[in-house]
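Quick mapping for you: the protein sequence lines, in order, are chains A and B.
So for the first sequence, our numbering puts the first residue at 82; every next one is plus one.
So for the second sequence, our numbering puts the first residue at 82; every next one is plus one.
Ideal Cβ placement from N, Cα and C applies to all residues, glycine included.
What follows is a short report on a single structure.
Number of protein chains: 2
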Amino acid sequence: MSGALAQEFFASRWVQRPAHVTQDDGGLPAGFRAAHASAGIKPAGAVDLGLVVCDAPDAVSAARFTRSGVLAPPVLVTRDETTPNGLRAVIANSGNANAATGDAGLQAARLMQRATAETLGLQPATVAVASTGVIGVPLPTAGLPAAIGAAAAALDRGGDVAFSEAIVTTDAFHKRATLTVELPSGTVRLSAQAKGAGMIEPAFATMLCFVQTDAALAPETAELLLGVCVKRSFDRISVDGQLSTNDTVILMCSGSSGVAVAPESEDELRFGEALDALLRMLAIMIVRDGEGARRIGRVVVRGPAPEVVERCARAVANSPLVKTALHGADPNWGRIAQAVGQALPGAAPLALDIAIEGMPVCVGGVAVAYDLGALNAAAAGVEIEYEVGLPLTAPGPPAETEVLFSDLSHEYVTINAEYTT
Amino acid sequence: MSGALAQEFFASRWVQRPAHVTQDDGGLPAGFRAAHASAGIKPAGAVDLGLVVCDAPDAVSAARFTRSGVLAPPVLVTRDETTPNGLRAVIANSGNANAATGDAGLQAARLMQRATAETLGLQPATVAVASTGVIGVPLPTAGLPAAIGAAAAALDRGGDVAFSEAIVTTDAFHKRATLTVELPSGTVRLSAQAKGAGMIEPAFATMLCFVQTDAALAPETAELLLGVCVKRSFDRISVDGQLSTNDTVILMCSGSSGVAVAPESEDELRFGEALDALLRMLAIMIVRDGEGARRIGRVVVRGPAPEVVERCARAVANSPLVKTALHGADPNWGRIAQAVGQALPGAAPLALDIAIEGMPVCVGGVAVAYDLGALNAAAAGVEIEYEVGLPLTAPGPPAETEVLFSDLSHEYVTINAEYTT
Numbered sequence: 082m083s084g085a086l087a088q089e090f091f092a093s094r095w096v097q098r099p100a101h102v103t104q105d106d107g108g109l110p111a112g113f114r115a116a117h118a119s120a121g122i123k124p125a126g127a128v129d130l131g132l133v134v135c136d137a138p139d140a141v142s143a144a145r146f147t148r149s150g151v152l153a154p155p156v157l158v159t160r161d162e163t164t165p166n167g168l169r170a171v172i173a174n175s176g177n178a179n180a181a182t183g184d185a186g187l188q189a190a191r192l193m194q195r196a197t198a199e200t201l202g203l204q205p206a207t208v209a210v211a212s213t214g215v216i217g218v219p220l221p222t223a224g225l226p227a228a229i230g231a232a233a234a235a236l237d238r239g240g241d242v243a244f245s246e247a248i249v250t251t252d253a254f255h256k257r258a259t260l261t262v263e264l265p266s267g268t269v270r271l272s273a274q275a276k277g278a279g280m281i282e283p284a285f286a287t288m289l290c291f292v293q294t295d296a297a298l299a300p301e302t303a304e305l306l307l308g309v310c311v312k313r314s315f316d317r318i319s320v321d322g323q324l325s326t327n328d329t330v331i332l333m334c335s336g337s338s339g340v341a342v343a344p345e346s347e348d349e350l351r352f353g354e355a356l357d358a359l360l361r362m363l364a365i366m367i368v369r370d371g372e373g374a375r376r377i378g379r380v381v382v383r384g385p386a387p388e389v390v391e392r393c394a395r396a397v398a399n400s401p402l403v404k405t406a407l408h409g410a411d412p413n414w415g416r417i418a419q420a421v422g423q424a425l426p427g428a429a430p431l432a433l434d435i436a437i438e439g440m441p442v443c444v445g446g447v448a449v450a451y452d453l454g455a456l457n458a459a460a461a462g463v464e465i466e467y468e469v470g471l472p473l474t475a476p477g478p479p480a481e482t483e484v485l486f487s488d489l490s491h492e493y494v495t496i497n498a499e500y501t502t
Numbered sequence: 082m083s084g085a086l087a088q089e090f091f092a093s094r095w096v097q098r099p100a101h102v103t104q105d106d107g108g109l110p111a112g113f114r115a116a117h118a119s120a121g122i123k124p125a126g127a128v129d130l131g132l133v134v135c136d137a138p139d140a141v142s143a144a145r146f147t148r149s150g151v152l153a154p155p156v157l158v159t160r161d162e163t164t165p166n167g168l169r170a171v172i173a174n175s176g177n178a179n180a181a182t183g184d185a186g187l188q189a190a191r192l193m194q195r196a197t198a199e200t201l202g203l204q205p206a207t208v209a210v211a212s213t214g215v216i217g218v219p220l221p222t223a224g225l226p227a228a229i230g231a232a233a234a235a236l237d238r239g240g241d242v243a244f245s246e247a248i249v250t251t252d253a254f255h256k257r258a259t260l261t262v263e264l265p266s267g268t269v270r271l272s273a274q275a276k277g278a279g280m281i282e283p284a285f286a287t288m289l290c291f292v293q294t295d296a297a298l299a300p301e302t303a304e305l306l307l308g309v310c311v312k313r314s315f316d317r318i319s320v321d322g323q324l325s326t327n328d329t330v331i332l333m334c335s336g337s338s339g340v341a342v343a344p345e346s347e348d349e350l351r352f353g354e355a356l357d358a359l360l361r362m363l364a365i366m367i368v369r370d371g372e373g374a375r376r377i378g379r380v381v382v383r384g385p386a387p388e389v390v391e392r393c394a395r396a397v398a399n400s401p402l403v404k405t406a407l408h409g410a411d412p413n414w415g416r417i418a419q420a421v422g423q424a425l426p427g428a429a430p431l432a433l434d435i436a437i438e439g440m441p442v443c444v445g446g447v448a449v450a451y452d453l454g455a456l457n458a459a460a461a462g463v464e465i466e467y468e469v470g471l472p473l474t475a476p477g478p479p480a481e482t483e484v485l486f487s488d489l490s491h492e493y494v495t496i497n498a499e500y501t502t
């Protein structure tokens with residue numbers, strides 16, 4: 082099964098499976114158990130509560146959060162009222178973001194944290210809380226204690242599937258994987274469960290992602306690797322340009338494999354490659370599941386300075402005109418030129434280059450002849466690559482960045498106009 | 082006819098018709114003539130070329146242009162190769178933006194300018210050129226000289242309707258008016274024709290707007306009034322957040338009424354009020370015609386500083402989540418909180434206030450009880466007002482701004498995914 086699944090998970094031309102990584106048949110790494118339950122937050126008794134626990138008392142963790150100016154109470158509790166490098170459990174609900182809910186929301190998040198800690202016999206400061214769903218509606222708490230008890234009773238090494246089911250909202254498919262990673266010092270396992278389809282954007286894009294490994298990492302190593310890999314994955318995607326109030330990524334390391342990943346070792350390099358591939362693929366899966374998405378794009382911008390290429394890449398990735406053209410398989414590169422022009426006011430005349438799927442369409446700011454049939458065929462794929470080159474102002478290599486983005490579809494409008502999400 | 086039409090033109094709660102202004106039955110102010118023709122740019126012989134001429138040799142004008150870093154050749158020619166305060170004619174085509182077309186595009190824009198000047202016996206530097214349509218496609222020039230000749234032969238005081246027809250692209254309805262303005266020194270007339278439905282956004286939003294008056298204005302007065310009124314109209318709207326490569330607004334003053342508008346006079350004040358109402362109403366009409374739009378919103382943000390309220394207002398107006406909720410008549414204010422949070426990273430906890438149609442829904446960052454039935458009913462209107470209050474950091478009145486914006490609809494996706502515009 083692992084061969085077929087491995088192909089399915091790394092199913093993007095933009096992520097290579099490292100040679101020392103294989104997908105295995107699921108289940109959490111040693112030292113982890115998970116489960117789900119129904120807490121009455123979603124209607125009709127749907128699964129809406131997920132619990133993942135690390136059984137190793139000396140677990141090491143790292144976390145990253147949204148930078149929104151409107152932070153949801155669960156983010157505030159997890160960021161400010163835990164020991165972020167020593168988390169032992171995550172309690173997460175879907176169906177309600179518990180955001181813009183004030184003191185009552187803080188009390189609700191703390192209730193989730195304390196009930197989980199008491200049930201598991203942990204310190205509250207080792208329990209992270211995460212929520213996702215509608216903003217501005219009080220979180221129903223009546224069903225939480227019993228549901229937390231039920232989830233705790235159902236904890237299982239194979240609970241990653243159940244946990245993954247519990248954290249989705251408008252997601253059309255699950256985003257999870259378990260990998261086996263061959264390191265010089267031994268074999269470790271690495272798993273992650275992510276959710277996200279809308280309200281996905283710059284600077285920190287996933288809604289929720291939880292990562293587990295049985296490798297042993299020092300807190301500094303966990304922080305370093307999570308930070309670098311988040312910057313290369315969830316920081317580089319956009320569905321709709323909308324930064325969430327609730328984004329949370331947590332890496333937990335049980336050490337149960339007995340394999341230690343030492344700083345600046347070959348083990349660290351290889352483990353980092355595996356984590357990078359895992360998070361990049363999950364990030365691409367979020368874009369691919371961008372509400373209603375049919376195609377995804379990758380824009381690569383090269384230019385004179387990091388802030389310039391970043392601004393241009395975001396402008397292209399978040400342009401509804403570029404996104405609708407992507408949806409319609411229309412290689413309408415004039416909209417890319419327009420978006421770059423908007424990002425660089427006053428820069429005219431701008432000698433920009435544009436290529437779609439490797440075919441130059443604009444050189445030095447001017448349309449060039451191209452094979453429209455070949456271009457149309459390339460634009461009809463499911464992963465479309467756009468390259469933008471800006472004039473350099475100094476010798477040396479250009480700054481370069483990428484953003485992966487979904488198209489804009491009728492289904493996005495339907496999902497967001499007809500449902501309160 | 083004037084009474085009925087006047088009601089129809091000023092058909093927004095957000096623009097009041099000044100008491101000294103009445104709508105008249107069309108036709109250009111004294112000293113102006115206009116016409117249209119077919120130049121073979123649009124398919125099937127559709128009207129695609131508009132010409133408006135001021136017959137007064139001492140005409141005074143003012144112009145404003147997009148700030149895009151990718152400026153279309155017609156913008157470059159009009160900005161850099163005319164006497165902007167002494168324009169006598171505008172030649173405008175639809176169906177092709179003549180943008181990202183390089184030297185050939187510059188030659189095409191100059192051809193339009195020179196052919197118009199020769200036909201009319203004017204200096205080329207007194208002829209403005211404007212284009213709107215698809216970007217990155219060479220402008221077909223073969224039919225231009227004959228079409229310019231045909232338009233010149235058809236020039237007429239009643240040609241404002243024909244001119245208006247010639248400049249539209251995806252517009253669903255025309256945006257034009259002629260007003261009679263009672264000034265202390267006499268009666269003048271003021272007319273304008275605008276186009277725009279997509280690629281409409283910040284900092285300078287119309288695609289094209291041409292304004293004519295038979296009042297006599299000094300160049301400084303024309304510059305001052307056009308600058309102020311553009312800032313309060315086309316600068317405050319967004320359909321899709323996309324700054325165009327071709328935006329152009331031109332005010333031309335024939336002086337043919339014999340009524341002079343002197344600086345700092347009551348005439349200037351009253352004329353400015355009329356121009357302000359005219360351009361604001363045309364700007365709202367562009368938003369209302371935002372590709373596929375069913376409802377329009379106005380977000381008013383009050384807060385500690387101009388740049389802060391501007392950032393927040395743009396974030397709300399350009400959020401696809403807010404825009405789809407507006408489309409769906411869903412008063413989902415959590416998306417407004419989320420957009421403001423994104424605009425103000427690191428500001429948490431943010432004690433923001435939100436009201437929809439005057440009903441408070443969030444106070445001090447926390448959801449408050451409200452009458453959901455009344456809120457839903459209010460959200461089902463065609464003009465929805467959102468107010469956002471940010472905490473003030475200093476005594477004194479808050480900074481305040483507004484942005485008017487269209488919703489995001491299935492039709493927007495259809496228009497932009499299925500057609501190359």
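Chain-order list of residues whose beta-carbon lies under 7 Å from that of THR474(B) (same chain, five-residue window excluded): Locating residue 474(B) in the second sequence gives position 393, counting from the first residue. Only PRO385 meet the Cβ criterion.
Measuring alpha carbon to alpha carbon, tell me which of ARG238(B), LEU306(B) and PHE90(B) ends up nearest VAL330(B). Walking along the second sequence from the start, residue 330(B) turns up at place 249. That would be LEU306(B), whose Cα lies nearest to the Cα of VAL330(B).
Inter-residue Cα distance where the pair is GLU364(B) and THR261(B): The residue labelled residue 364(B) in the question sits at position 283 within the second sequence. The residue labelled residue 261(B) in the question sits at position 180 within the second sequence. Here the sequence assigns Ala to residue 364(B), which means Glu is not the residue at that position. Straight-line Cα distance between these residues: approximately 19 Å.
Cβ neighbours of GLY217(B) in the same chain (closer than 6 Å, five flanking residues each side left out): Counting from one through the second sequence, the residue named residue 217(B) turns up at place 136. Only ALA181 meet the Cβ criterion.
Completely contained beta strand (DSSP E) runs for the stretch 155-211 of chain A, where each covers 3 or more residues: 170-175
Unbroken beta strand (DSSP E) run spanning ALA273(A), endpoints: Here residue 273(A) refers to the residue found at position 192 of the first sequence. From DSSP, the beta strand (DSSP E) with ALA273(A) extends over 267-276.
Suppose the cutoff is 6 Å on Cβ atoms and the five residues either side in sequence are ignored; what does the same chain contact list for GLU282(B) look like? Locating residue 282(B) in the second sequence gives position 201, where the first residue counts as 1. Confidence at GLU282(B) is low in this model, with a pLDDT of 49, below 50, so its placement is unreliable and the value that follows should be read with caution. Excluding sequence neighbours, GLU282(B) sits near SER319, GLY322, GLN323 and LEU324.
Hey, could you find the ends of the beta strand (DSSP E) THR294(B) is sitting in? Locating residue 294(B) in the second sequence gives position 213, where the first residue counts as 1. Note, THR294(B): beta strand (DSSP E), 289-294.
Would you call LEU72(B) buried or exposed, if buried means 16 or more other Cβ atoms sit within 10 Å of its Cβ? A query on residue 72(B) cannot be resolved here, the shown segment of chain B reaching from 82 to 502 and no further.
Quick check: is the beta carbon of PRO387(B) nearer than 9 Å to any beta carbon in chain A? Start at 1 with the first residue of the second sequence, and residue 387(B) comes out as number 306. It does not; no Cβ of chain A falls within 9 Å.
CB contact check: LEU489(A) to chain B, cutoff 9 Å: Counting from one through the first sequence, the residue named residue 489(A) turns up at place 408. By this cut-off, LEU489(A) is an interface position.
Can you check whether the CB of ALA258(A) is closer than 9 Å to the CB of GLN104(A)? Translated into the one-based positions of the first sequence, residue 104(A) becomes position 23. Translated into the one-based positions of the first sequence, residue 258(A) becomes position 177. In contact: GLN104(A) and ALA258(A) (Cβ atoms closer than 9 Å).
Using 10 angstroms around the beta-carbon of ASN457(A), count the other beta-carbons present and answer buried if the total reaches 16, otherwise exposed. In the first sequence, the residue the question calls residue 457(A) occupies position 376. So ASN457(A) ends up on the exposed side.
Scan the stretch 430-441 of chain A for residues whose Cβ lies nearer than 9 Å to a Cβ of chain B and list them as they occur along the chain. PRO430, LEU431, LEU433 and ILE435
Can you name the residues of chain B whose CB is closer than 8 Å to the CB of PRO401(A)? In the first sequence, residue 401(A) corresponds to position 320, counting from 1. Going along chain B in sequence order, the residues near PRO401(A) (Cβ under 8 Å) are ASP321, GLY322, GLN323, PRO401, LEU489, TYR493 and ASN497.
Are the stretch 225-232 of chain A and the stretch 446-464 of chain B touching by the rule of at least three beta carbon pairs closer than 8 Å? no
Could you give the residue range of the alpha helix (DSSP H) that holds ARG379(A)? Residue mapping note: residue 379(A) aligns to position 298 of the first sequence, counting from 1. From DSSP, ARG379(A) is part of no alpha helix (DSSP H) but of the beta strand (DSSP E) over 377-384.
Cutoff 7 Å; reference ARG416(B); Cβ partners in own chain excluding five residues on either side: In the second sequence, residue 416(B) corresponds to position 335, counting from 1. Closer than 7 Å at Cβ, skipping near neighbours: SER400, LEU402, VAL403 and ALA406.
Sort ALA418(B), THR326(B) and GLY267(B) by Cα distance to THR326(A) and report the nearest one. Along the first sequence, one-based indexing puts residue 326(A) at 245. It is ALA418(B).
Whose C-beta lies closer than 7 Å to the C-beta of ALA284(A) among residues of the same chain, with five residues either side of it excluded? Translated into positions along the first sequence, residue 284(A) becomes position 203. In this predicted model, ALA284(A) has a pLDDT of only 36, less than 50, meaning its place in the structure is not dependable; the value taken from the coordinates is given anyway. So the qualifying residues of the chain are ARG148, ASP316 and LEU324.
In this structure, how does DSSP classify PHE90(B) when only helix, strand and coil are distinguished? Taking the second sequence and counting its residues from 1, the one referred to as residue 90(B) is at position 9. Helix, per DSSP.
Check GLN104(B) in the structure and name its three-state DSSP category. What you label residue 104(B) is simply residue 23 of the second sequence in a count that begins at 1. The answer is strand: DSSP assigns GLN104(B) an E or B state.
What are the boundary residues of the beta strand (DSSP E) that includes LYS256(B)? In the second sequence, the residue the question calls residue 256(B) occupies position 175. From DSSP, the beta strand (DSSP E) with LYS256(B) extends over 256-264.
Considering only the alpha carbon of each residue, which of SER93(B), ASP136(B) and GLY409(B) lies closest to MET333(B)? Locating residue 333(B) in the second sequence gives position 252, counting from the first residue. It is ASP136(B) whose Cα lies nearest to the Cα of MET333(B).
Is it right to say TYR268(A) is buried, meaning 16 or more other beta carbons lie within 10 angstroms of its own, or is it exposed? Numbered from its first residue, the first sequence carries residue 268(A) at position 187. In the sequence as presented, Tyr is not what sits at residue 268(A); that position holds Thr. Result: exposed.
Can you give me the start and stop residues for the beta strand (DSSP E) that PHE113(B) sits inside? By 1-based counting over the second sequence, the position of residue 113(B) is 32. That run of the beta strand (DSSP E) goes 113-118.
Ignore the nearest five residues each way along the sequence and tell me which others in VAL444(B)'s own chain have a CB closer than 7 Å to its CB. For the purposes of this step, residue 444(B) is taken as the residue at position 363 of the second sequence. The residues are ASP434.
Below 8 Å, is the gap between the Cβ of GLN419(A) and the nearest heavy atom of the ligand MG? Judged by which ligands are present, the structure shown has none, so any question about the ligand MG falls away.
Three-state secondary structure (DSSP) of ILE417(B): By one-based count along the second sequence, residue 417(B) stands at place 336. Helix at ILE417(B).
To the nearest angstrom, how far is it from the Cα of ILE496(B) to the Cα of LYS312(B)? Mapped onto the second sequence, residue 496(B) falls at position 415. Mapped onto the second sequence, residue 312(B) falls at position 231. Answer to the nearest angstrom: the Cα atoms are 29 Å apart.
Taking the alpha-carbon of ASP184(A) as reference, which of VAL469(B), GLY477(B), PRO472(B) and LEU431(B) has the nearest alpha-carbon? Working through the first sequence from its first residue, we reach residue 184(A) at position 103. Among VAL469(B), GLY477(B), PRO472(B) and LEU431(B), the Cα nearest to that of ASP184(A) is on LEU431(B).
Name the one or two DSSP bridge partners that LEU298(A) has. Here residue 298(A) refers to the residue found at position 217 when the first sequence is read from its first residue. Answer by DSSP bridge pairing, in chain order: VAL342(A).
Neighbour list for PRO426(A) in chain B, Cβ cutoff strictly below 8 Å: Working through the first sequence from its first residue, we reach residue 426(A) at position 345. Here the neighbours are ARG148, SER149, GLY150, ALA284 and LEU324.
In chain order, what residues of the same chain lie with their CB nearer than 7 Å to the CB of ALA190(B), ignoring the 5 residues before and after it? Taking the second sequence and counting its residues from 1, the one referred to as residue 190(B) is at position 109. So the qualifying residues of the chain are PRO154, PRO155, VAL158, ASN179 and VAL210.
Just the C-alpha distance for ALA253(B) and GLU372(B), rounded to the nearest angstrom, thanks. Within the second sequence, numbered from 1, the residue matching residue 253(B) stands at position 172. Within the second sequence, numbered from 1, the residue matching residue 372(B) stands at position 291. Spanning the two alpha carbons is a distance of roughly 8 Å.
Ignore the nearest five residues each way along the sequence and tell me which others in LEU192(B)'s own chain have a CB closer than 6 Å to its CB. For the purposes of this step, residue 192(B) is taken as the residue at position 111 of the second sequence. THR222, listed in sequence order.
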